[in-house]
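J.: This is the structure I have questions about; it appears just below.
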Amino acid sequence: MSTPAPEKEVAAKQDGQEEEEQVVNPWEVSAGKGGIDYDKLVDQFGCQRIDAALVDRVARITAAPPHRFLRRGLFFAHRDMSELLDLYERGEKFYLYTGRGPSSEALHLGHLIPFMFTKYLQDVFKVPLVIQLTDDEKFFWKNLSVEECKRLARENAKDIIACGFDIQRTFIFTDFGFVGGKFFENMARIARCVTYNKAVGIFGFSPEDHIGKVSFPPVQAAPSFPSSFPHLFGDNDQLRCLIPCAIDQDPYFRMTRDVAPRLGYQKPSLIESRFFPALQACGENTKMSASDPNSAIYVTDSPKEIKNKINRYAFSGGQDSVELHRKLGGNLDVDVPIKYLNFFLEDDDELERIKTEYKEGRMLTGEVKQRLVTVLSELVARHQRARAQVTEEIVDAFMAVRPLPNMFG
Ligand code: TYM
Numbered sequence: 001m002s003t004p005a006p007e008k009e010v011a012a013k014q015d016g017q018e019e020e021e022q023v024v025n026p027w028e029v030s031a032g033k034g035g036i037d038y039d040k041l042v043d044q045f046g047c048q049r050i051d052a053a054l055v056d057r058v059a060r061i062t063a064a065p066p067h068r069f070l071r072r073g074l075f076f077a078h079r080d081m082s083e084l085l086d087l088y089e090r091g092e093k094f095y096l097y098t099g100r101g102p103s104s105e106a107l108h109l110g111h112l113i114p115f116m117f118t119k120y121l122q123d124v125f126k127v128p129l130v131i132q133l134t135d136d137e138k139f140f141w142k143n144l145s146v147e148e149c150k151r152l153a154r155e156n157a158k159d160i161i162a163c164g165f166d167i168q169r170t171f172i173f174t175d176f177g178f179v180g181g182k183f184f185e186n187m188a189r190i191a192r193c194v195t196y197n198k199a200v201g202i203f204g205f206s207p208e209d210h211i212g213k214v215s216f217p218p219v220q221a222a223p224s225f226p227s228s229f230p231h232l233f234g235d236n237d238q239l240r241c242l243i244p245c246a247i248d249q250d251p252y253f254r255m256t257r258d259v260a261p262r263l264g265y266q267k268p269s270l271i272e273s274r275f276f277p278a279l280q281a282c283g284e285n286t287k288m289s290a291s292d293p294n295s296a297i298y299v300t301d302s303p304k305e306i307k308n309k310i311n312r313y314a315f316s317g318g319q320d321s322v323e324l325h326r327k328l329g330g331n332l333d334v335d336v337p338i339k340y341l342n343f344f345l346e347d348d349d350e351l352e353r354i355k356t357e358y359k360e361g362r363m364l365t366g367e368v369k370q371r372l373v374t375v376l377s378e379l380v381a382r383h384q385r386a387r388a389q390v391t392e393e394i395v396d397a398f399m400a401v402r403p404l405p406n407m408f409g
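Residue numbers (this note's numbering): 1 to 409.
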């Protein structure tokens, strides 16, 4: 891929630092041995940290326990969440917007994270949701035909639906299928506000990049504005939007927030997660990615594949020998099985117990991995059962351009 890392995120490289500089953008996530420095990202990107008070506030307003991703700081950054909650408390609703770039047949566990979290948000806030499948983005960035991107989008839609979204409140669309009308009008309005220089600054486009790539960001920006969906929101162009995603998508929405006031629109709010790391990631130095099958656990994997991948590839913070491990204990900061349990083991007490036992050397790497294999095998099996229920008719029903009469009910 010729799109280089944007200037902002790699700037420190020029300071002659020895440590490899982190790169975080929609196409690349990498960092040195110390792992991704999320604090630094928050400062660089100019978003805000989610603190305990905000988590408590969400719990209070929704009268529901906060999702484990929220209470464990895995969704860790936001933009204008407090303002959105102020309005919500005064009776002003909002809608949710998230998406997926269909570049692979199956989702991996990292992709599930924003969708699981979005389902929680939809359930507790009782709000409508739009899900964008950017088949055009993958056509521009991957060596795939239009037909293949469209097919993958449909396959991915089944995995997304299997996360349990409420059909009464959810509209799923593909760009090739839906872009036009009011949506296209907003794309044009957005595009006219962003100079080529600005786009280069945000996304790092190079002169060799084809103009398809340069033309894409307004497509991902447009769903942030309710007037792109007249069948859902009529002429209400001030309804607030909340976007759950991992922090790699932030550049698109920095651009969107920048242009919103010039169009007389509301800026979308964001709630952003850390990355679910690759199996081999030492200290979370990269995200789980679909392009390397051995770095990822897919929702299509069998229990045997899950077991093999975790046992063979998951980076361990355990010591080299049992004797040494009993003496020194495991290093939680770099241990991938512990990080995965942090995302997917629901029971807080059990998680704390495992962390303590492992850190103090009483629990061995093999035992932690075994618990993880069980947790993930159950999760993936549950997902596969739900996906098997998703027929072509159900996909069509989610994608039908239709009003959602009880979307706030
Ligand atoms: P895509 O398909 O790369 O990723 C889909 C969603 O999954 C998140 N994600 C991850 N989260 C945690 N850990 C990981 N390892 C991991 N890998 C990916 C992404 O942040 C994303 O939320 N351009 C987008 C599609 C899109 C979109 C949106 C995403 C269109 N509109 C609005 C979020 C919000 C893409 O290619 O995502």
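All C-beta atoms, glycine included, are put in the ideal place defined by N, C-alpha and C.
#1: Using 10 angstroms around the beta-carbon of Ser-302, count the other beta-carbons present and answer buried if the total reaches 16, otherwise exposed.
#2: So Asp-135 and Val-299 are in contact, right, with Cβ under 8 Å, and what is the actual spacing, rounded?
#3: Suppose contacts are defined by Cβ-Cβ distances below 8 Å. Is Pro-226 in contact with Asn-236 by that definition?
#4: Taking only heavy atoms of the ligand SAH into account, decide whether any of them is closer than 7 Å to the Cβ of Ile-113.
#5: Three or more beta-carbon pairs under 8 Å between the segment 375 to 384 and the segment 130 to 149, yes or no?
#6: Please report the distance separating the alpha-carbon of Ile-211 from that of Pro-217.
#7: For the ligand TYM, is there a heavy atom less than 7 Å away from the beta-carbon of Ile-243?
#8: Where Lys-8 and Gly-201 are concerned, what is the direct C-alpha to C-alpha distance, given to the nearest angstrom?
#9: Compare the Cα-Cα distances from Ile-247 to each of His-111, Gly-264, Gly-318 and report the closest residue.
#10: Could you compute how far the alpha carbon of Ser-228 sits from the alpha carbon of Cys-282?
#11: Whole angstroms is fine: what's the gap from Asn-25's alpha carbon to Thr-256's?
#12: Would you say the beta carbon of Arg-312 comes nearer than 7 Å to a heavy atom of the ligand TYM?
#13: Between the beta-carbon of Pro-277 and the beta-carbon of Ser-224, is there less than 8 Å?
#14: Just to confirm, is the Cβ distance from Ile-243 to Tyr-38 under 8 Å?
#15: Based on Cα-Cα distance, which residue from Leu-345, Thr-174, Gly-317, Ser-321 lies nearest to Val-336?
#16: Using beta-carbon positions only, say whether Glu-155 and Glu-83 come within less than 8 Å of one another.
#17: Using the Cα positions of Tyr-340 and Arg-71, report the straight-line distance between them to the nearest angstrom.
#18: In chain order, what residues of the same chain lie with their CB nearer than 6 Å to the CB of Ala-157, ignoring the 5 residues before and after it?
#19: Ala-314 to Leu-279, Cα distance in whole Å?
T.: So, from the data block:
#1: exposed
#2: Wrong, their Cβ atoms sit about 19 Å apart, outside the cutoff.
#3: yes
#4: In the structure on display, the ligand SAH does not appear, and the ligands it does have are the ligand TYM.
#5: no
#6: 11 Å
#7: yes
#8: With a pLDDT of 38 at Lys-8, under the threshold of 50, the modelled position of this residue cannot be trusted, and the question is left open.
#9: His-111
#10: 42 Å
#11: 15 Å
#12: no
#13: no
#14: no
#15: Gly-317
#16: no
#17: 15 Å
#18: Ile-172, Val-395
#19: 5 Å
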